[in-house]
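Each remark here refers to the structure printed beneath this line.
Residue numbers (our numbering): 32 to 288.
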């Protein structure tokens, strides 16, 4: 059976996360429904990341097997036709080797978190940014973020219901920068713990607001204690932007970072 990989973007607001759940709207559910309408096949796809409720993606990757062989363009166009009305779009599709997996073949994942930092609330980006009225010191946040880079026990930034076998992760990138009225936080790692990014963002925001000192982030990390974490940022500002592979699919990954 030929295997296909698709590059997906979506607005996570209408869905109860990515992963399929019975009787609940999910991103996986609407994509699998579109695949069925196109091919007549009921299947369970594999995704690079199972984003939470309200989290968005500009570079999610999924894989699935079909009985027939199609050109990637045909698969993308057919799925988009059956996704009409849903805030989900197939940017690219390609036939890939049988041993390629969107999840297990991934060598890295990158997330962007957007904070709108102004007094006025968002209008055009409502539901796509975290609105923080108090001025944020992005330079202090960047300095504090350096303590998170590298191999660490991230228990402090791990959700209590996280199912990962180990809290040990290597964070390759932790970057904070002001972009006009927004503060952008970028994180990259081979994999992340459940709500790790949102926990790190909320903690760094404590530094930006001035409630925490720069060194408090390192202290929290070294505590290896969930109660030492700062606030957890809301889901609406978080985007899965890019997934990397040793052997990339024929389509190009999309990332604005």
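Don't be surprised by glycine CBs; every beta carbon is placed ideally from N, CA and C.
Outcome for residue i when other beta-carbon atoms lying within 10 angstroms are tallied against a minimum of 16
i           : result
residue 219 : buried
residue 253 : exposed
residue 210 : exposed
residue 104 : exposed
residue 191 : exposed
residue 230 : buried
residue 240 : buried
residue 155 : exposed
residue 170 : exposed
residue 234 : buried
residue 141 : buried
Nearest neighbour of residue i, chosen from the options [CA to CA]
i           : options               : result
residue 19  : 119, 104 and 72       : Because the chain here runs from 32 to 288, residue 19 falls outside it and cannot be looked at.
residue 251 : 100, 276 and 189      : 189
residue 111 : 37, 238 and 269       : 37
residue 207 : 167, 198 and 184      : 167
residue 79  : 199, 226, 136 and 159 : 136
residue 86  : 266, 280 and 235      : 266
residue 66  : 97, 122 and 41        : 97
residue 72  : 177, 228, 42 and 95   : 95
residue 116 : 129, 101 and 41       : 41
residue 270 : 149, 54, 83 and 150   : 83
residue 177 : 151, 150, 205 and 195 : 205
residue 226 : 185, 213 and 173      : 185
residue 139 : 212, 123 and 91       : 91
residue 15  : 187, 101, 212 and 106 : The question about residue 15 has no answer, for the chain in this structure spans 32 to 288.
residue 194 : 69, 81 and 45         : 81
Cβ distance (whole Å) where residue i is taken to contact residue j below 8 Å
i           : j           : result
residue 35  : residue 125 : 7 Å
residue 175 : residue 232 : Contact doesn't hold; Cβ gap of about 12 Å is too wide.
residue 268 : residue 180 : Actually they are not in contact, since the Cβ atoms of residue 268 and residue 180 sit about 21 Å apart, beyond 8 Å.
residue 143 : residue 217 : 6 Å
residue 301 : residue 76  : The structure shown has nothing for residue 301, since the chain only spans 32 to 288.
residue 160 : residue 236 : About 13 Å separates the two Cβ atoms, so there is no contact after all.
**Q.** Inside the stretch 152 to 217 only - beta strand (DSSP E) runs reaching at least 3 residues
**A.** Taking only runs of at least 3 residues, the beta strand (DSSP E) segments lying wholly in the stretch 152 to 217 are 181 to 184 and 199 to 210.
Q. Do the stretch 237 to 245 and the stretch 270 to 280 touch if we need at least three Cβ pairs shorter than 8 Å?
A. Counting Cβ pairs under 8 Å, fewer than three are found: no touch.
**Q.** In chain order, each alpha helix (DSSP H) run of at least 4 residues that lies wholly inside the stretch 207 to 270
**A.** Taking only runs of at least 4 residues, the alpha helix (DSSP H) segments lying wholly in the stretch 207 to 270 are 227 to 240 and 245 to 254.
Q: Tell me the start and end of each unbroken alpha helix (DSSP H) in the stretch 44 to 103 that is at least 4 residues and wholly inside, in chain order.
A: Along the stretch 44 to 103, the alpha helix (DSSP H) occurs as fully enclosed runs of 4 or more residues at 58 to 70, listed in sequence order.
Q.
Report the start-end ranges of each beta strand (DSSP E) in the stretch 97 to 141 that is 3 residues or longer and not cut off at the edges.
A. Taken in chain order, the whole beta strand (DSSP E) runs of length 3 or more contained in the stretch 97 to 141 are 119 to 127.
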